[in-house]
Amino acid sequence: MNAPEGPRDPASGVAPSDSAVHLGSEEGIEEGVWRYARATRAHAVVDAADYFALMRDAMLAARQRIHLIGWDFDTRILIGDGRRWWNLPRKRVAPARLGAFVVWLANRRRGLEVLVLKWNFGALKALMRGSMVVDLFRWWRHPRIGYKLDAAHPIGCSHHQKIAVIDDCFAVCGGIDMAGDRWDTRDHIDDDPRRRRPGGQPYGPWHDCTMLLEGPVAAALGEFGRTRWHQAGGRHLEPCRPQAESAWPNGIVAQFTDVEVGIARTRSPYANIAEVREIEALFCRQIAAAKHFIYAENQYFASRRVAEALAARLDAPDAPEVVLVMPQESDGWLEQAAMDLARIQLFEAVKCHDPHGRFSIWHPFTKGGTPIYVHAKLMIVDDQVLRIGSANMNNRSMGLDSECDVFIDAGRPGNDHAMPAIRALRHSLLAEHCGLAEEQVAAALADGGSMAALAAESAKAGGRHLRPFVPRPLTEAEQALADSEALDPERPEEMLAFYQRGRLWRGGLGRKLAKLRRRRGNATQH
């Protein structure tokens, strides 16, 4: 069901009746930002072992509404300690499994509503997930649990946001799905027996992150979530009643307090819903503003616009250091064909605009040499900007899929106290990847030390480490596939335009790469 007809805000495509508050980009807010709102507390959570346990605590504190928005949900996952199938009679103890936990919680909180919004593609997977069918049936029967599949997208586009909102007072926005192969600790232990899918199959090390938020910014994300629910065909939702209590998890000392948070979105046009490309604009603006360095973790590097922004900044005499941490290869053959080939192309193109050798890509590995899959979507610029969300550095996240990123900019009024916490998080992430103590990272990077040099040294220590990305030569067929963007188009109408070639190089980014290819061809002939 589409949203009802009526006057719509040109930025969001949302009718005034869709929400109690106007959802357009407010007058005076710069390009690439939907809204700024204060957070009484904010905290970056790294890796899903901590996140799942924290979400269990937060949901136990819910009073009015739990709204979960995700690309995928698996009701069989364990979200912390609790009752298992072998101790069913202990009804006072919350179940450990997500599906049973939601029913248990709704039964004990008479005024609590639980809503789950999932992308409709792959809905039949539930039939292959054993007890998940039973969980969904129990959810469907419960009068205060709603489970909706989001199909309000053009063909080939997806609902990709990972947001949770509790009572409009507490929210989460980032890259972690409540799915069956996301759990891992920051130690990324080789062959960790706890790292198994609900069916018992082991999976490899997994790195991810998300952001906990409290205060008015959570209310803004709650408003956004209600609109998403309505656009997907759900009923109109009222805001939660004001309350003093927050679902902020016990024991978490926030990295940030009383800080302003920005929100940026992507969504493709659908029916009467307008296109939003704030995330793309924000990437370009934040990259252009970098003075000293950019540290980023991302699943993909396949966006032409992001690559152009990096090339333009790296071409300058005062080019910043740019370090990108990403998986050795994408997860799945289709992603490898779509994203990994484009990564090779764009890496070589950007390096052609990198006369100072400031750009590098690195892959994390365990102590035993197992690749760690990077699913995080994080960027830190000059320890002034911290950005976490669902958006990848690929074309889909710029214009096809629904995305949501949040960021803290210490340059904004009242945010100058955020820089030490952003710096500490960057040191913590590099320490995790390099198998070092945070103090060692801080010492190595003091006085402008190079992150790339630190990464290169990490492989010599024999622990967790980073290895440099080394592009392999592409065949002519692979070059044509990468150039065409057939599997990662920039706009929905290009999804099936396989006959259009060379779209990856619209603009000037590919000129030097074309010359490089011609030189390679001449060298081969001679």
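The sequence shown: position 449 = 448 (numbering that gives the first Met the number 0), numbered continuously. Backbone N, C-alpha and C fix where the C-beta goes; we use that ideal spot for every residue, glycine too. Everything numeric in this text was worked out from a predicted model, so none of it was measured.
How about residue 440 and residue 408: do their beta carbons lie closer than 7 angstroms? Sequence index remark: in the sequence shown, residue 440 carries index 441 (1-based). Sequence index remark: in the sequence shown, residue 408 carries index 409 (1-based). No, they are not a contact pair.
Out of 447, 348, 430, state which residue places its alpha-carbon closest to the alpha-carbon of residue 381. Working through the sequence shown from its first residue, we reach residue 381 at position 382. Considering only alpha carbons, the answer is 447.
Could you check what DSSP says for residue 451 in three-state terms: helix, strand or coil? Start at 1 with the first residue of the sequence shown, and residue 451 comes out as number 452. In the structure shown, residue 451 sits in a helix (DSSP, three-state: H, G or I).
At a cut of 8 angstroms, does the stretch 260–279 reach the stretch 310–325 through at least three beta carbon pairs? no
Residue 220 beta carbon less than 7 angstroms from that of residue 170: On the sequence shown, position 171 is the one that residue 170 refers to. On the sequence shown, position 221 is the one that residue 220 refers to. Yes, Cβ-Cβ distance for residue 170 and residue 220 is below 7 angstroms.
Determine the DSSP secondary structure at residue 187, reduced to helix, strand or coil. Indexing the sequence shown from 1 puts residue 187 at position 188. Coil.
Proximity below 7 angstroms, CB of residue 251 to CB of residue 207: Against the sequence shown, residue 251 aligns to sequence position 252. Against the sequence shown, residue 207 aligns to sequence position 208. No. Outside cutoff.
Output the distance between the C-alpha atoms of residue 5 and residue 75, rounded to the nearest integer angstrom. Counting from 1 along the sequence shown, the entry for residue 5 is found at position 6. Counting from 1 along the sequence shown, the entry for residue 75 is found at position 76. Unreliable positioning characterises residue 5 in this predicted model, as indicated by a pLDDT of 32, which lies under 50. A coordinate reading is not provided.
Where does residue 556 sit, in a helix, a strand or coil, going by DSSP? Outside the shown range of the chain (0 to 525) lies residue 556, about which nothing can therefore be said.
What did DSSP end up calling residue 97 once you bin it into helix, strand or coil? Numbered from 1 along the sequence shown, position 98 holds the residue referred to as residue 97. Here residue 97 sits in helix by DSSP.
Anyone know if the C-beta pair for residue 149 and residue 103 falls short of 7 angstroms? As a working mapping, residue 149 is identified with position 150 in the sequence shown. As a working mapping, residue 103 is identified with position 104 in the sequence shown. Contact: no.
Using the C-alpha atoms, what's the distance from residue 107 back to residue 62? As a position in the sequence shown, residue 62 is number 63, starting the count at 1. As a position in the sequence shown, residue 107 is number 108, starting the count at 1. The alpha-carbon atoms of residue 62 and residue 107 are separated by roughly 11 angstroms.
Residue 241: which of 282, 165, 99 sits nearest, CA to CA? In the sequence shown, the residue the question calls residue 241 occupies position 242. Closest option to residue 241, Cα to Cα, is 165.
Residue 305 - containing beta strand (DSSP E), residue span: As a first step, residue 305 is located in the sequence shown; it is residue number 306 there, counting from the start. No beta strand (DSSP E) contains residue 305, which is instead part of the alpha helix (DSSP H) from 303–313.
Does DSSP classify residue 534 as helix, strand or coil? Past the boundaries of the shown model lies residue 534; the chain is included only from 0 to 525, so the question cannot be answered.
Give a yes or no on whether the C-beta atoms belonging to residue 193 and residue 179 are separated by under 7 angstroms. Walking along the sequence shown from the start, residue 193 turns up at place 194. Walking along the sequence shown from the start, residue 179 turns up at place 180. Not a contact, by the Cβ cut-off of 7 angstroms.
Can you check whether the CB of residue 343 is closer than 7 angstroms to the CB of residue 565? Because the chain here runs from 0 to 525, residue 565 falls outside it and cannot be looked at.
Taking the alpha helix (DSSP H) that residue 403 falls in, what are its first and last residues? Within the sequence shown, residue 403 is the residue found at index 404, counting from 1. Not the alpha helix (DSSP H): residue 403 falls in the beta strand (DSSP E), residues 402–408.
Identify the continuous beta strand (DSSP E) that holds residue 44 and give its terminal residues. The residue labelled residue 44 in the question sits at position 45 within the sequence shown. Here the beta strand (DSSP E) through residue 44 covers 34–45.
Below 6 angstroms CB to CB, which residues in the same chain sit around residue 355 once its five sequence neighbours on both sides are set aside? If you number the sequence shown from 1, residue 355 lands on position 356. 318, listed in sequence order.
Count the other C-beta atoms from every protein chain shown that fall within 10 angstroms of the C-beta of residue 133, then say buried if there are 16 or more, exposed otherwise. Position 134 of the sequence shown, counted from the start, is the residue given in the question as residue 133. It counts as exposed.
What are the boundary residues of the beta strand (DSSP E) that includes residue 66? The residue you call residue 66 lines up with position 67 of the sequence shown. Where residue 66 is concerned, the enclosing beta strand (DSSP E) stretches over 64–69.
Distance CB(residue 67)-CB(residue 115) smaller than 7 angstroms: By one-based count along the sequence shown, residue 67 stands at place 68. By one-based count along the sequence shown, residue 115 stands at place 116. Cβ atoms of residue 67 and residue 115: closer than 7 angstroms.
Under a three-way DSSP split, which group does residue 174 fall into? Working through the sequence shown from its first residue, we reach residue 174 at position 175. Note: residue 174 maps to coil in three-state DSSP.
Would you call the CB atoms of residue 279 and residue 303 closer than 7 angstroms? If you number the sequence shown from 1, residue 279 lands on position 280. If you number the sequence shown from 1, residue 303 lands on position 304. Result no, Cβ atoms of residue 279 and residue 303 do not sit closer than 7 angstroms.
Taking the beta carbon of residue 363 as the centre, do at least 16 other beta carbons fall within 10 Å, making it buried, or is it exposed? To locate residue 363, count along the sequence shown from 1; it is residue 364. Label assigned to residue 363: buried.
On the three-state DSSP scale, how would you describe residue 92? Translated into positions along the sequence shown, residue 92 becomes position 93. Looking at residue 92 - three-state DSSP - the assignment turns out to be coil, as it is neither helix nor strand.
Quick check: the Cα distance between residue 229 and residue 188, rounded to an integer number of angstroms? Here the question's residue 229 lines up with position 230 in the sequence shown. Here the question's residue 188 lines up with position 189 in the sequence shown. If you take the alpha carbons of residue 229 and residue 188, they lie about 42 angstroms apart.
Candidates 462, 168, 200: which alpha carbon is nearest residue 128's? Along the sequence shown, one-based indexing puts residue 128 at 129. Per the Cα distances, 200.
Nearest to residue 168 (by Cα), restricted to the options 325, 226, 158, 65: Along the sequence shown, read from residue 1 onward, the residue named residue 168 stands at position 169. Residue 168 has its Cα closest to that of 65, out of 325, 226, 158, 65.
Residue ranges of each beta strand (DSSP E) within the stretch 209–281, 3 or longer: 255–266
Candidates 73, 205, 144, 97, of which the one nearest residue 330 by Cα: Taking the first residue of the sequence shown as 1, we reach residue 330 at position 331. Residue 330 has its Cα closest to that of 205, out of 73, 205, 144, 97.
Report all residues from its chain with a CB closer than 6 angstroms to the CB of residue 489; omit the five preceding and five following residues, and keep chain order. By one-based count along the sequence shown, residue 489 stands at place 490. Correct list, in chain order: 394, 398.
For residue 77 versus residue 248, is the C-beta distance shorter than 7 angstroms? Taking the sequence shown and counting its residues from 1, the one referred to as residue 77 is at position 78. Taking the sequence shown and counting its residues from 1, the one referred to as residue 248 is at position 249. No, the Cβ-Cβ distance between residue 77 and residue 248 is not below 7 angstroms.
Can you tell me which residues form a DSSP beta bridge with residue 112? Within the sequence shown, the letter at position 113 stands for residue 112. Paired residue(s): 64.
DSSP state of residue 146 mapped onto helix, strand, coil: Here residue 146 corresponds to residue number 147 of the sequence shown, with the count starting at 1. Of the three classes helix, strand and coil, the one that applies to residue 146 here is strand, per DSSP.
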